[in-house]
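Chains as they are written, first to last, in the working numbering: chain A, 84 to 301; chain B, 113 to 190.
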């Protein structure tokens, strides 16, 4: 099964993600370029972290209009699996594929550390079989998820919060670390699963996202 | 024609940068500053026309502002 990883100008976790995908038996990473529109027949798409278009205007705001994102939006609308990590999560929110927006961290600092997140949903293609708690690294300046009261009420009622911080690092409303859409096929989160796939580098809690995909696509 | 678009956070949305600036002003000796809200503006040079202002408002809604957290105001410059 092929998993596409989109590279935007300024993406910097795309190579890490392709490597993480290729470590998992049954998955093969396919590099996708922001200017192309052809998804090359992939079975799932990942929007990696980084600083697409220099974070100009707002994080993810310009990437949303790239040719590849038009294809990704159609792919998502067909119910196919899409995962956005960090800047990828910001892009999904700007593209209205996920609700709300990622604002600057409450304390203004760039946060780079391991966090514990609680897994609330295992019925998405990316979270099947995940443990209740994961330790994953975060590395962001704008991870403070916000939405209006009405949206928060709707997504809490609908169970769209997939991950919550055990200890809120950035001021995100309701401790939201990651979300899914109503159809559950699009998932976004601030922590980096692709940076936790090797015991030498501090943990393997990120591998479950990809083994989940193998199960779902099989 | 030249048009300026002001973009700012909606009332009630926490503005971490504004809070930091407020703290700085307090440290500088202006304790009476009760609130600071940061925003930005865009100067656009667009084709003249009766619908120019409406078109710029649409641009602001689609890209310059994120309506989830921001509001905007369009001003035609002399």
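The beta-carbon is built from N, C-alpha and C at its ideal position, and this holds for glycine as well.
Supposed close pair residue i, residue j - CB separation, criterion 8 Å
| i | j | result |
| --- | --- | --- |
| residue 182/A | residue 120/A | Actually they do not touch by this definition, with Cβ atoms about 26 Å apart. |
| residue 176/A | residue 289/A | The pair is not a contact, with the Cβ atoms about 21 Å apart (cut-off 8 Å). |
| residue 91/A | residue 139/A | Not a contact, Cβ separation roughly 12 Å. |
| residue 110/A | residue 296/A | 7 Å |
| residue 170/A | residue 124/A | No, residue 170/A and residue 124/A are not in contact; Cβ-Cβ is about 25 Å, not under 8 Å. |
| residue 168/A | residue 277/A | 7 Å |
| residue 247/A | residue 194/A | About 16 Å; that fails the 8 Å criterion. |
| residue 93/A | residue 189/A | So it is not a contact: roughly 24 Å between Cβ atoms. |
| residue 225/A | residue 185/A | 5 Å |
| residue 134/B | residue 148/B | 4 Å |
Per-residue DSSP class, three states only, for residue i
| i | result |
| --- | --- |
| residue 89/A | strand |
| residue 294/A | helix |
| residue 196/A | strand |
| residue 265/A | coil |
| residue 149/A | coil |
| residue 248/A | strand |
| residue 166/B | helix |
| residue 227/A | strand |
| residue 135/B | helix |
| residue 190/A | coil |
| residue 301/A | coil |
| residue 156/A | helix |
| residue 129/B | helix |
| residue 270/A | strand |
| residue 99/A | helix |
| residue 202/A | strand |
| residue 259/A | strand |
| residue 157/B | strand |
| residue 145/B | coil |
| residue 143/A | coil |
| residue 234/A | helix |
| residue 212/A | coil |
| residue 170/A | helix |
| residue 178/A | coil |
| residue 177/B | coil |
| residue 119/A | coil |
For residue i, the nearest candidate out of the options (CA to CA)
| i | options | result |
| --- | --- | --- |
| residue 260/A | 244/A, 89/A, 111/A, 195/A | 244/A |
| residue 232/A | 114/B, 125/B, 120/B | 125/B |
| residue 84/A | 149/A, 106/A, 127/A | 127/A |
| residue 182/B | 239/A, 230/A, 171/A, 110/A | 230/A |
| residue 266/A | 152/A, 129/A, 158/A, 107/A | 158/A |
| residue 175/B | 135/B, 154/B, 190/B | 154/B |
| residue 105/A | 211/A, 281/A, 286/A | 281/A |
| residue 213/A | 194/A, 203/A, 154/A, 220/A | 203/A |
| residue 192/A | 116/B, 129/B, 156/B | 129/B |
| residue 113/B | 165/B, 138/B, 137/B, 160/B | 160/B |
| residue 219/A | 250/A, 179/A, 118/A, 113/A | 250/A |
| residue 186/B | 136/B, 179/B, 166/B | 166/B |
| residue 180/B | 155/A, 252/A, 222/A, 178/A | 178/A |
| residue 188/B | 177/B, 133/B, 164/B, 127/B | 164/B |
| residue 99/A | 129/A, 149/A, 269/A | 129/A |
| residue 263/A | 208/A, 142/A, 86/A | 208/A |
| residue 198/A | 300/A, 291/A, 299/A, 286/A | 286/A |
| residue 221/A | 269/A, 172/A, 112/A, 206/A | 172/A |
| residue 292/A | 258/A, 143/A, 164/A | 164/A |
| residue 112/A | 237/A, 89/A, 216/A | 89/A |
Per DSSP, the bridge partner or partners of residue i
| i | result |
| --- | --- |
| residue 281/A | 286/A |
| residue 112/A | 86/A |
| residue 220/A | 197/A |
| residue 152/B | 119/B |
| residue 182/B | 121/B |
| residue 187/B | 116/B |
| residue 133/A | 94/A |
| residue 128/A | 87/A, 165/A |
| residue 185/A | 228/A |
| residue 302/A | For chain A, the structure presents residues 84 to 301; residue 302/A sits outside this window and is missing. |
Chain A contacts made by the region 164-182 of chain B, where a contact means CB separation under 8 Å: 175, 176, 178, 180, 181
Under 8 Å (Cβ pairs) to chain A, residues found in the region 119-131 of chain B: 125, 126, 128, 129
Chain-ordered residues of the region 109-136 of chain A with a beta carbon less than 7 Å from chain B: none
Interfacial residues, the region 218-231 of chain A to chain B, with Cβ spacing under 9 Å: 227, 229, 230, 231
Proximal residues, the region 181-202 of chain A versus chain B, C-beta separation under 9 Å: 182, 183, 184, 186, 187, 188, 189, 190, 191
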